[in-house]
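For the record, the sequence lines run as chains C and Y. Residue 44 in our numbering sits at position 44 of the first sequence, with consecutive numbering throughout. Residue 1190 in our numbering sits at position 190 of the second sequence, with consecutive numbering throughout. By construction, the Cβ of each residue, glycine as well, lies at the ideal position given by its N, Cα and C atoms. None of the values given here were measured: they were computed from a predicted structure. What follows is a single structure, written as structure tokens, with notes after it.
Number of protein chains: 2
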Amino acid sequence: MKELPHSSAGSAGSNVYAQLKQQIVNLELVPGTTLSEKEMSVAFQVSRTPVRESFVRLAQEGLLIVLPQRGTKVSLIDPDLVEEARFMREQLERAVIRLACQSYPEKHLAALERNLELQQESLRLHDGRAMFELDEEFHRILFEGCRKLGTWSVIQQMNAHLNRSRVLWLKTDPHWEHLYDQHRQMFDAVRMQDGDRADRMMQEHLTLSIANLSVLKEKFPDFFVTAQ
Amino acid sequence: MKELPHSSAGSAGSNVYAQLKQQIVNLELVPGTTLSEKEMSVAFQVSRTPVRESFVRLAQEGLLIVLPQRGTKVSLIDPDLVEEARFMREQLERAVIRLACQSYPEKHLAALERNLELQQESLRLHDGRAMFELDEEFHRILFEGCRKLGTWSVIQQMNAHLNRSRVLWLKTDPHWEHLYDQHRQMFDAVRMQDGDRADRMMQEHLTLSIANLSVLKEKFPDFFVTAQ
DNA sequence: ACTACCATACTTGTATGGTAGTATGGAACT
DNA sequence: AGTTCCATACTACCATACAAGTATGGTAGT
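Following this line, the structure appears as structure tokens:
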């Protein structure tokens, strides 16, 4: 078969996985959508095997629900899981930023500053998509500087749920300026090695970030789990 | 706990996954062992497809390393990952037990007490295997009572690495009595709603539990990653 | 003795046909 | 009209065949 130019990166299975995951997290694949191996195999121009492989991985992350012999659908957003993900992030990020205030490599400090500049630039351009990614990277750099990238990647898994609601939130009312300010203040706190202040800022940052989940539930009721 | 359809027994793929995972965590499959889809398919009397499915899932958890067209091997224990898992557990469990001290269902409190009794019984019988599982369940019940089971299951993933070193530790010098005492004291603190004491106990509990990783590295050098 | 080459026997990755279970719609029956 | 039954068209699951990359050991050439 002819090699498609875009599919050269990695195996077919990994490509399907990555693309599906992105579509799910970006809500291009609406929660509740029913998929099928066959359907996706024709869409991605591959056989069912790599599609099935990606389904297995996505199911393990809770993004797909596979019902044997019945079908596969994109999972609904579970508010309890979202809150748990927020809780988890809060605990771990507060602990990490306290570590960062004790000692943090100069190299990563510079990376944070560079990231903040890019945030400012994206803010000026009202580029929400870029802000979203820079936000993610800001926090990732924090973990990286503390040599806690394994922790970060585990968070990411649970984060898939949190991020879907954040994407929804983005569509309604993004307070990017406010988040930028908080990032800036956290950066300053790390540089000044002020652990208590950094902790306080992070807590506020991650508490407020998904404050009004109920608003989203009202606005997009079909996307959420109702009965628990 | 919401049972993911995939994790339930029944399908051949899930069975292979569960059995392989258990063998890996129990170190019956020694770190570094090379496996192959074909080999396992004859061992489990199934075709390569479900075996491959289990490989994909285990690889995502970091328990298997798949090298395309070369082979698959059981991952070595990464001391940095073990420490990260410990770090993660410490932060999350301390936060959870503080929650438990604020409010905790009577039902789960009773479950904890029953668990402690079983621990005492296993202690008397010197049944290390049972203690290991009761230890896990004790902590799980704590999360369950705080409605943080999703967090627990995410921890479990990272815990696979931590548990392998704990199994090693079990083979050398298990201080089960000490751990039992700590469990008992944590239980008392939750019942008395003494958050500070519970926090302190949990921190101690999870700090000491893998104190001597370097000892294990000397005793079982082949099981660990050397260069990072 | 040493090097370059290549057949061969592995490995994982992919495609495809068949199986069993499930939802669905229409026909036959009450 | 309402209910039961069954053919049909799905589904995920599994087995198998093939493709493609890689390690290895032997061999021919220098």
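At a cut-off of 8 Å between C-beta atoms, C:G150 counts as an interface residue with respect to chain Y. Not flagged as an interface residue toward chain Y: C:E37, since no C-beta distance is shorter than 8 Å.
For Y:A1095, the chain C residues whose C-beta falls within less than 7 Å of its own C-beta are Q91, listed in chain order.
Leaving aside the five residues that flank C:A12 on each side, the residues in its chain whose CB is nearer than 6 Å to its CB run, in chain order, V46, P50. Distances from the alpha-carbon of C:V25 to those of C:F143, C:L64, C:V56, C:D196 put C:L64 closest.
Residue pairing of C:L67 in beta bridges, as defined by DSSP: C:G71. Taking Y:H1183 as the centre and dropping the five residues before and after it, the same chain places the C-beta of L1116, Q1119, F1138 closer than 7 Å to its C-beta, in chain order. Positions of the alpha helix (DSSP H) runs, each at least 4 residues long and wholly inside the region 156 to 221 of chain C, are given as 176 to 191, 195 to 208, 213 to 219 in order along the chain.
Here C:T49 carries a helix assignment [DSSP, helix/strand/coil]. Pairwise C-beta distances place the region 198 to 206 of chain C in contact with the region 89 to 106 of chain C, as three or more of them are shorter than 8 Å.
Taking 8 Å as the cut-off, the beta carbon of Y:I1077 is found no closer than this to the beta carbon of Y:M1202. In chain order, L76, D78 place their CB closer than 6 Å to the CB of C:V225, counting only its own chain and leaving out the 5 sequence neighbours on each side.
In terms of beta-carbon proximity, Y:F1087 lines the interface with chain C, with at least one pair separated by less than 8 Å. Non-local C-beta neighbours of C:W152 in its own chain, meaning closer than 7 Å and more than five positions away in sequence, comprise R140, F143, ordered along the chain.
Per DSSP, the unbroken alpha helix (DSSP H) holding C:D135 starts and ends at 128 to 145. Straight across, the Cα-Cα distance linking C:F132 with Y:M1192 is about 44 Å. Ranked by Cα distance from Y:S1103, the options Y:C1146, Y:A1110, Y:H1126 are led by Y:C1146.
Put simply, of Y:E1037, Y:W1176, Y:D1188, Y:E1061 the residue whose alpha carbon is nearest the alpha carbon of Y:P1068 is Y:E1037. Taking Y:Q1185 as the centre and dropping the five residues before and after it, the same chain places the C-beta of M1201 closer than 7 Å to its C-beta, in chain order. Of the residues assessed, Y:E1084 falls on the buried side of the cut-off, its CB having 16 or more other CB atoms within 10 angstroms.
In summary, Y:P1031 is buried, with 16 or more beta-carbon neighbours lying within 10 Å of its beta-carbon over all protein chains present. Nearest CB-CB separation between Y:E1084 and chain C: below the 8 Å threshold. Approximately 19 Å separates the beta-carbon atoms of Y:L1168 and Y:L1134; this is outside 8 Å, ruling out the contact. Interface annotation, C:P31: not in contact with chain Y, CB-CB separation never under 8 Å. In this chain, C:N26 is not harboured by any alpha helix (DSSP H), its DSSP state being neither H nor E.
Within the region 1055 to 1077 of chain Y, V1056, R1057, Q1060, P1068 place their CB atoms closer than 8 Å to a CB of chain C, listed in sequence order.
Counting the other Cβ atoms within 10 Å of the Cβ of Y:V1042 gives fewer than 16, which makes it exposed.
Considering only Y:F1187, Y:N1212, Y:G1010, the residue with the shortest C-alpha distance to Y:A1111 is Y:F1187.
Taking a Cβ-Cβ cut-off of 8 Å, the neighbours of Y:M1158 in chain C comprise G150, T151, V154, given in sequence order.
By the neighbour-count definition (other C-beta atoms within 10 Å, threshold 16), C:G62 is a buried residue.
By the 16-neighbour rule on beta-carbons within 10 angstroms, Y:L1125 is exposed.
Going by C-alpha positions, Y:R1052 is about 11 Å away from C:V56.
Residues of chain C whose Cβ lies closer than 7 Å to the Cβ of Y:L1081 are, in chain order, G150. Residue environment: C:G150 is assigned as buried (16 or more neighbouring CB atoms within 10 Å of its CB, all protein chains considered). In the same chain as Y:S1165, and ignoring 5 residues on each side of it, the C-beta atoms closer than 7 Å to its own belong to I1077, V1082, I1210, L1213, L1216, in chain order.
C-alpha of Y:C1101 to C-alpha of C:D80: approximately 21 Å in a straight line.
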